[in-house]
Structure formats: structure tokens, C-alpha cells
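Residue numbering for the sequence shown follows full-length UniProt numbering, beginning at 1 and increasing consecutively.
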Amino acid sequence: MPSLSEATDLAKRVFGEFSEKNVSFMAGGIAYNAFISLAPLLILLFLVVSTLGGGLEQRVVDSAGTWLPGPIADVVAQLFQGDGSSGGASAIGLIVLIWGTLKIFRGLDTAFSEIYETVDENSFSDKLKDGVVVLGALVVAIVATVGVSAAFAVLSDTIPFIGLLTPLVLLAGLAIAFFPMYYVFPDADLEPREVLPGVAFAAVGWAALQGLFQVYLAFSDPGAGSFFGGVIVLVTYLYFSGLVLLLGAVINAVVGDHSTGKPGGVGRGAASNAEEGSERTLDRSQVAAYLWTLREDLTGYYGETRPADEDEHPRPDGDVRVIEHSEPEGDEETWTVTLQWESDGESLDRVPSDDRVPSDDHTHSGDGRPADD
């Protein structure tokens, strides 16, 4: 069970990654691709429902009337209650669906690579395979969720309170649908258990978002629901849905130490050659020992230190986060050491100066002598 300080540190790191990686911008791109793919998705759903039959069309129309904005629900009703003479349109819609789905998956793949800081270039066949896996999981999850919900509706008169299990079925269906996405798209060597935090967050987040969406529809004025108003609501819903998905990926990347906190663009080249890295949280005495050793390693000298001026660099209120990162560049290797700490608000106006940097004639004074290699 993580402590409160560990949970707070994790939340800060997740927020930092979320801000630095421009997750909200990437969610907007995913929402756009999902919106332009909505029409062919409805057509594909029409094909599946028409094939299954058994009164499923009416249940889909009823669900659309409850869950979707009025204009979109009207489109669904016209599609599923038509005369069924839309074979050519269905074929065209299926082609557009494949294109739109690949766009969504490519956007998700790019977003996950940015978050995980991986740049493995997938070929078209690899992306198609990943897309088929995720799409198959989505179809299975949707069919399973609808089937179990229908079974609960039939058994509601026989088994009391069985309807109370419907939210759990929704969460389980979402988790099944999201698991392949979080496992396949990051392009990283992951254990199945490593993706569970993000899967759980996304499933609960989507369920909560769906509940808020239904509350909005219940209190909105049906007469004011113009087509463009319905489109705005739908795009907003898709945007926040994408935001929840990517936030789950950020949580997995932070928990699994697959991110360094660098700003956007890291996943497309800046960290592609990174081979080693470490991250530690040290108290003041541990930081002092670490910096002493680091000085010996970098300069080859060690010796006594003089008292520090607190006005130069504010002292930390708590522990110090030390991040070491090595990155090969051609025949050389670049090392980066980052120190992060929090201090009181009075230190905001302090500006570090160069007063502590010794001149060349004092570099080899009695302050230190060569350290053993």
C-alpha cells in the first residue's frame, strides 16, 4: 500500500507528464479522427446488427435514443429502421471505416509512443495487425457487454436486484476492450500487469464520463438540440474520452518508469537512443554524499567544502529527486543529471549567479587533490 507522500509524488509526476507531453493536444487529434469515422462505424454496426437479427435493431435504436444526442439518435433510428436497401452505401462505408479506423489507431500509436518515449517505426502491416487486434477486442467487448446486459434484462423479473450488476458488466467490458490497446500500442517490452493501472483508470473514467453524459442529456432541453449543438456535444464527448485513454497511458508510463519527464517530441527522436537511466529520491545527507561522489567523478578532485550561502540556491523542503540519463550520440555518449526539489515560496526571486565558479588559477589550489580512478 503506497504512502500518502508516494501517492502525492506519483500524482505530481503524472500531472507533469500530462502537461509536458501535450496530451490534451493529442486527445484533440484522436477526437477528430473518431468523429470523421463515426458515420462508417454506424454503418458497420448496422451490418452486424442486421446479421444477428433477433430484435437487436430495436434495442440499438432504444439505446441510441437514451445515450446519444437527439440528432445523432435520429440518424441511428433512420439507419436501423430503414428498408435495408443500402448495400452500396454499406460497402462504401466499410471502406471509409477501415481508413478512419487506421487513422485513429495511427493517432493512438503515435500518442502512446510520445508518452512512452519510444520511436519504433511500425510498417503498414504491423499497424494493420495492431489495429485488427484492438478492433477485435473492441467488437468482442461490445458484443459481450450487450449480450450480458440483455441477459440481465431477461432475468431481472426472475432474479431480484440482478440489474445492480450492470455497471460492473460495463466496467469489465471496457477493461477487456482497453487491455490490448494499452499492451500493444506503446511499442515497449511490457508485462501484462504493467498496463493494469491504466486499464482500470480508463475503464472507470469512461464509465463515469458516460454517466455524466447521460445526466447532461436528461437535463438538457430537447427542443434546443439542433444538429450543430448535437455535433458539439458529441465532439466534446469524444475529446474527453480520448483524454481519459491517454491519461491512462501516462499513468502506466510513470508507474512503470517509461518516461523521463521531458517535453513533447521526446517520443519522436529525442530519446530514441536512450539506453540507461535511473531515478532516485534522496534526503539531504544522501544528496550530500551523492554530490561529493559526483564531483570526484567529474573533476578528479576532492577535498573540504566551504559553507553554502542559502541565498544562492534555496534548500529543499523535503527530499530531492535525482534523475540520471545516458544517451548515445554517434561515437560518444551524453550524460544528463537532473536534480529536482521543492522550496519555500520566498525563493522565487532568487537567481543563481556564477560567483561560485572558481577562476582557472584557483582550480588546483589546496581545496582538493586528484581522486583515485
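Note that the Cβ used here is the ideal one computed from N, Cα and C, for glycine as well.
Rounded straight-line distance, which links the Cα of residue j to that of residue i
i           : j      : result
Leu164      : Gly198 : 25 Å
Pro192      : Asp319 : 32 Å
Ser326      : Ala137 : 38 Å
Arg321      : Val287 : 9 Å
Arg106      : Val133 : 14 Å
Leu291      : Leu234 : 54 Å
Ile115      : Pro314 : 32 Å
Trp341      : Ser5   : 14 Å
Glu20       : Ser259 : 11 Å
Ala218      : Leu209 : 14 Å
Ala253      : Thr158 : 46 Å
Pro328      : Ser37  : 41 Å
Gly211      : Val231 : 19 Å
Gly131      : Met26  : 18 Å
residue 374 : Lys12  : Outside the displayed span of the chain (1 to 373) sits residue 374, for which this structure offers no information.
Pro160      : Ala203 : 26 Å
Ala172      : Gly147 : 13 Å
Leu168      : Ala289 : 51 Å
Asp283      : Ala188 : 32 Å
Lys129      : Tyr216 : 38 Å
Val143      : Trp99  : 23 Å
Ala7        : Arg295 : 33 Å
Ser3        : Val154 : 45 Å
Proximity below 8 Å, CB of residue i to CB of residue j
i      : j      : result
Thr118 : Pro186 : yes
Val14  : Leu246 : no
Val244 : Gly205 : yes
Leu190 : Tyr183 : yes
Ile323 : Thr338 : yes
Glu343 : Pro316 : A small correction: the amino acid at residue 343 is Ser; Glu does not occupy that position in the sequence shown. In this structure, Pro316 lies closer than 8 Å to Ser343 by Cβ.
Glu279 : Asp257 : yes
Contacts around residue i, its chain only, beta-carbon distance under 8 Å, and the 5 residues preceding and following it disregarded
i      : result
Thr293 : none
Thr281 : Asp9, Asp319, Val320, Arg321 and Val322
Glu333 : Ser326 and Glu327
6 Å CB neighbourhood of residue i in its chain, flanking five on each side removed
i      : result
Ala249 : Phe112, Ile115 and Gly198
Val195 : Tyr182, Tyr183 and Asn252
Asp361 : Residue confidence is low: Asp361 scores 49 on pLDDT, short of 50, so the model does not pin down where it sits. Its coordinate-derived value is still stated next. No residues qualify anywhere along the chain.
Leu108 : Phe185
Sequence-distant residues of its chain with Cβ nearer than 7 Å to residue i (five each side left out)
i      : result
Ser251 : Per the sequence presented here, residue 251 reads as Ile, with Ser not at that position. So the list reads Val14, Pro197, Gly198 and Phe201, once near-sequence residues are dropped.
Phe18  : Leu247 and Val250
Gly28  : Tyr239
Ile104 : Ile30, Asn33, Ala34 and Ser37
Phe213 : Tyr237
Pro180 : Val133, Val134 and Ala137
Residue-chain proximity (residue i, chain C), Cβ-Cβ < 8 Å
i      : result
Asp189 : The structure shown contains no chain C, having only a single protein chain.
>> Assess contact between the segment 21-38 and the segment 233-242, defined as three or more Cβ pairs (one per stretch) separated by less than 8 Å. Is contact present?
In response: Flag = yes, the segment 21-38 and the segment 233-242 touch.
> For the segment 163-196, which segments carrying the alpha helix (DSSP H) assignment without a break, of at least 4 residues, lie completely within its bounds, in sequence order?
Replying inline: Along the segment 163-196, the alpha helix (DSSP H) occurs as fully enclosed runs of 4 or more residues at 166-184, listed in sequence order.
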